[in-house]
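Adding 43 to a residue's 1-based position in the sequence shown gives its number in my numbering.
Beta carbons: idealized from backbone N, C-alpha and C, even for Gly.
The model shown is predicted, which means the values in this text are computed figures rather than measured ones.
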Amino acid sequence: MLHLFQMREITFFFLVIFFFFYENMLFVSYAFFGVVQLCLIAGKLLKFFVLWVTKAPFYQNKYLSVTQTEKKLVKKGIANNIVPRGMGSCTCIGDPQDEMVGEELAEAKRKDNMILKVLLLGAGGSGKSTFFKQLNNTYGEGYSELQRSVYKIQIYRQIVENMQQLIIQSEQIEKGYLVSGSDEEDVKTIGIDSKEKHLYAMDKSFATAANYVLKFPEFGILDETIVKHINNLWNNCEAIHRIFEHRNKLAVADSTEYFFKNITRIGAKDYVPTTEDVLLVRYRTTGMTEKTFEINAGRMKVVDVGGQRNERKKWIHCFEHVNAVIFVVSLTCYDEVPFEDVTDLNVSIYEKNNMIESLDVFEHTLRYPCFEATPFILFFNKFDLFQEKIKHTPITRAFPDFQSDTDDVQLSIDYIRQKFLDKASPTSTRPFFTHVTCATDQENVKRVFNDVQVCLVSSNLGGADLV
Ligand SMILES: Nc1nc2c(ncn2[C@@H]2O[C@H](COP(=O)(O)OP(=O)(O)O)[C@@H](O)[C@H]2O)c(=O)[nH]1
Ligand SMILES: [Mg+2]
């Protein structure tokens, strides 16, 4: 209670008493100040009494550094990262009723200003960085012309490297490198019948173009000549297209087709990447990037990390104080070979499968003790590409036990989803959410992250049961 009275007031009070007894010249003036101070003290005593009797919530929270709601969250271990606005700023006592209303408003503001820390995890190529870029595009400052220009070199690299990869594979098939096993074995592992290998060999007329592309420097800038040769190979060479059909085993990104088709625009001297180019470029993330976005009037700090095997070792450092893990799964990776296992078309999709690797990474991630009670949000991503792929390639490539109608989109997704959910311990109370997503579709990302924000805020604050 003493903190209601300031030292100044107490000092004046004793001075008045002192001069009253010694009747010196300053008695009148000090007596005046003393009376005023006594009135103020009496007023404060009365106010203190009234507030105490009515147990006004304002008073109870007034001297706490966090609110009761925030205390509850911290106790539950789900809001250790709450940063209320104005923490540490000074406050003053006003009208109790105003303060009570103000407290409710402040509480709402504090909830709004919580920063939820969310980690984007998942195998390499699942779409983590694309989500991050899309969030920056939608809720961040977007990409200025200068920032988009930074991606130019990565776009050039993806085009040249992927074309080089296609040419190298064609040469290897031609040399007979891929037909060492029996015919049956070849069909099973690479999907190419050795009797058809001539279809994968490039015509001699493409030799100049192929040699030029193969010798192109790693960080070279596209010019008219390279654009002409790549255009020629992509538009006229059947073998290149046939090998491109096997890109799932070559770590050749799906978006490469888009870049090949747009190479004339990209090869122009005044080329500035569009936002679409930025979203589609495949660039292996190293290290981690984080940014806070305003979503649904709340704030979410999103952390993007590298997904390749060597990069995953670095994740451990970001595991502290996380409100949710968004685990991204590429729906289309069920017939893809992990980047680290790509050597040539000989690799068997049944032995090295990106979907199985993704399941392993998921299981491994769930086991980290610091994630024991952390909500997991599963994004089954690349729905646009999945819809196309499922028409000709069933998910039995990863899950031979899948018996259902093989080109049924919904059944296939349900099966994949269940495979991931089965990895959770049956005794675990950890909440899981799942979403089918398309990271390149801005509207879809907006909707999904709005849901994520609402779900996390309401479940964190209200302690609601999560599905
Ligand atoms: N079509 C399509 N492409 C996607 C989608 N999500 C990611 N990609 C592409 O997949 C590639 C790998 O994505 P990236 O975000 O770099 O994967 P990360 O390794 O998990 O960060 C990039 O070329 C993206 O443009 C999607 O939903 N649809
Ligand atoms: Mg990445």
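Between the options, which lies nearest to residue i when the distance is taken from Cα to Cα?
{"i": "M206", "options": "T181, L189, A252 and I196", "result": "A252"}
{"i": "N397", "options": "V161, V372 and V324", "result": "V372"}
{"i": "C280", "options": "V79, Y377, L402 and S248", "result": "S248"}
{"i": "K334", "options": "T328, A340 and D347", "result": "D347"}
{"i": "D246", "options": "A282, Q212 and K434", "result": "A282"}
{"i": "E300", "options": "E204, S172 and E415", "result": "E204"}
{"i": "P469", "options": "L409, L88 and Q430", "result": "L409"}
{"i": "A416", "options": "K312, V365 and V491", "result": "V365"}
{"i": "H407", "options": "F429, F370 and D427", "result": "F370"}
{"i": "P412", "options": "M157, E363, D451 and A340", "result": "E363"}
{"i": "E267", "options": "L89, Y326 and D313", "result": "D313"}
{"i": "D427", "options": "F75, L81, E239 and S298", "result": "S298"}
{"i": "M157", "options": "A311, D451 and N339", "result": "N339"}
{"i": "V495", "options": "F414, T449 and V345", "result": "V345"}
For residue i, which residues of its own chain have a beta-carbon under 7 Å away from its beta-carbon, when the five flanking residues on both sides are left out?
{"i": "F302", "result": "I198, Q201, I202 and I309"}
{"i": "N487", "result": "T480 and C481"}
{"i": "F40", "result": "The structure shown does not extend to residue 40, since the chain is modelled only from 44 to 510, so the question has no answer here."}
{"i": "H272", "result": "A252, Y255 and V256"}
{"i": "T173", "result": "L322, A482 and T483"}
{"i": "S455", "result": "I433 and I438"}
Pop quiz: residue i and residue j are said to be a contact at Cβ under 8 Å. What is the actual Cβ separation, rounded to whole angstroms?
{"i": "V315", "j": "S192", "result": "6 Å"}
{"i": "Y182", "j": "E337", "result": "6 Å"}
{"i": "K425", "j": "G170", "result": "6 Å"}
{"i": "F405", "j": "R460", "result": "So it is not a contact: roughly 12 Å between Cβ atoms."}
{"i": "I286", "j": "Q212", "result": "5 Å"}
{"i": "A367", "j": "L163", "result": "Actually they do not touch by this definition, with Cβ atoms about 10 Å apart."}
{"i": "M343", "j": "V161", "result": "6 Å"}
{"i": "F175", "j": "T332", "result": "7 Å"}
{"i": "T328", "j": "G349", "result": "4 Å"}
Taking all protein chains shown into account, decide if residue i is buried (16 or more other Cβ within 10 angstroms of its Cβ) or exposed.
{"i": "I168", "result": "It is worth fixing the name first, because residue 168 is Gly in this sequence and not Ile. Classification for G168: buried."}
{"i": "K304", "result": "exposed"}
{"i": "G330", "result": "exposed"}
{"i": "G263", "result": "exposed"}
{"i": "Q190", "result": "exposed"}
{"i": "T375", "result": "buried"}
{"i": "N493", "result": "exposed"}
{"i": "N278", "result": "exposed"}
{"i": "E261", "result": "exposed"}
{"i": "V497", "result": "exposed"}
{"i": "G505", "result": "Below a pLDDT of 50, predicted positions are generally treated as unreliable, and G505, at 40, falls in that range; the measurement from the model is reported next regardless. The residue is exposed, with fewer than 16 neighbouring Cβ atoms inside 10 Å."}
{"i": "T472", "result": "exposed"}
{"i": "S501", "result": "exposed"}
{"i": "E431", "result": "exposed"}
{"i": "L499", "result": "buried"}
{"i": "K462", "result": "buried"}
{"i": "L265", "result": "buried"}
{"i": "G86", "result": "exposed"}
Is residue i helix, strand or coil by DSSP?
{"i": "E188", "result": "helix"}
{"i": "S373", "result": "strand"}
{"i": "V315", "result": "coil"}
{"i": "H478", "result": "strand"}
{"i": "S490", "result": "Just to set this straight, residue 490 is Arg in the shown sequence, not Ser. R490: helix per DSSP, three-state reduction."}
{"i": "N424", "result": "strand"}
{"i": "L293", "result": "coil"}
{"i": "F514", "result": "Outside the displayed range of the chain (44 to 510) lies residue 514, so it cannot be described from this structure."}
{"i": "D347", "result": "strand"}
{"i": "E431", "result": "helix"}
{"i": "I456", "result": "helix"}
{"i": "R440", "result": "helix"}
{"i": "R308", "result": "helix"}
{"i": "M331", "result": "strand"}
{"i": "I158", "result": "strand"}
{"i": "V368", "result": "strand"}
{"i": "R342", "result": "strand"}
Quick check: does the Cβ of residue i come within less than 8 Å of any heavy atom belonging to ligand 4?
{"i": "S401", "result": "Ligands in the displayed structure: ligand 1 and ligand 2; ligand 4 is not one of them."}
Would you say residue i reaches chain B, if we count a Cβ-Cβ gap shorter than 9 Å as a contact?
{"i": "K271", "result": "Of the protein chains in this structure there is only one, and it is not chain B."}
For residue i, I'd like the list of residues in its chain whose CB is within less than 6 Å of its CB, leaving aside the five on either flank, ordered along the chain.
{"i": "Y458", "result": "F445"}
{"i": "Y194", "result": "P316, V321 and V324"}
{"i": "F442", "result": "none"}
{"i": "D378", "result": "N291, I392, T436 and R440"}
{"i": "H284", "result": "none"}
Looking only at its chain, what residues have a beta carbon closer than 8 Å to the beta carbon of residue i, apart from the 5 residues adjacent to it on each side?
{"i": "Q485", "result": "Q177, N180 and T181"}
{"i": "V295", "result": "N205, Q208, L209 and F287"}
{"i": "Q453", "result": "none"}
{"i": "V491", "result": "F422, H478 and T480"}
{"i": "S401", "result": "G165, A166, S169, V372, S373 and C376"}
{"i": "E188", "result": "V315"}
{"i": "Y242", "result": "Reading off the sequence, residue 242 comes out as Leu, not Tyr. Around L242: E281, A282 and R285."}
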